[in-house]
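Let me begin by presenting the structure, written as structure tokens, before commenting on it.
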Amino acid sequence: GMPNEWIDKDTHHKIVRLTNNSRSNLSFYFHNNPFVGNKMVYYSTQKTTAPAAKQETYNSNAADRQLYLLDLKTLQSERLTNHALPMQGEIVSAKLNEAFYQVKDSVFAVNLSTKKERLVYVFPEDFKASITTINADGTLLAGAKSSDAEKDYSGKTRTRVIT
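Numbering of the sequence shown is given in UniProt numbering, commencing with residue 1 and proceeding in unit increments.
Have a look at this one:
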């Protein structure tokens, strides 16, 4: 397996493995900031027995996919969520000290310090949408909405930004 730390032979930089558990750990997509102070939010899932094609984290529906919080000084992780149904969302508000995610039609936030979860919003049954970002002061969530009229011939859904 991969060592916990090593020196890169080309750059001579010290490389440190951030997680050391038996799960598959997934960082957020590059433009989604997972950091609050010296902590980082990430997804972790149960490992699958067969090698799966690489997926971006927001498309992954792996078993027991949950949000975790990593202390970058101690490298200790804490589980933030406990949802049986698949969740999505790579949204962290440093100002609110919360991570936002969606399970089916419901949007939740979990406090990174207390781990207390709150229901933020439930989309109406006829309004299929997903959250994708939050503004800097934590007052507005934004996302994408899809309708049957926006499906192409293959049945795949195109999305548009809600303004």
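All residues carry an ideal CB built from backbone N, CA and C; glycine is no exception.
{"query": "Quick one, are the C-beta atoms of G138 and L96 less than 7 Å apart?", "result": "yes"}
{"query": "How is T45 classed by DSSP in three states: helix, strand or coil?", "result": "strand"}
{"query": "Is the region 30-50 touching the region 64-80 in the sense that three or more CB pairs, one from each, lie closer than 8 Å?", "result": "yes"}
{"query": "Looking only at DSSP bridge pairs, what is N38 linked to?", "result": "According to DSSP, which records beta bridges pairwise, N38 is partnered with nothing at all."}
{"query": "Less than 7 Å between the C-beta atoms of F123 and A109, yes or no?", "result": "no"}
{"query": "Please list, in chain order, all residues of the same chain as K104 whose beta carbon is under 8 Å from its beta carbon, the five residues on each side excluded.", "result": "L85"}
{"query": "Count the other C-beta atoms from every protein chain shown that fall within 10 angstroms of the C-beta of S77, then say buried if there are 16 or more, exposed otherwise.", "result": "buried"}
{"query": "DSSP state of K115, grouped into three classes?", "result": "coil"}
{"query": "Under DSSP, the beta strand (DSSP E) around E78 begins and ends at which residues?", "result": "S77 to R79"}
{"query": "Taking the alpha-carbon of M87 as reference, which of R65, A94 and S22 has the nearest alpha-carbon?", "result": "R65"}
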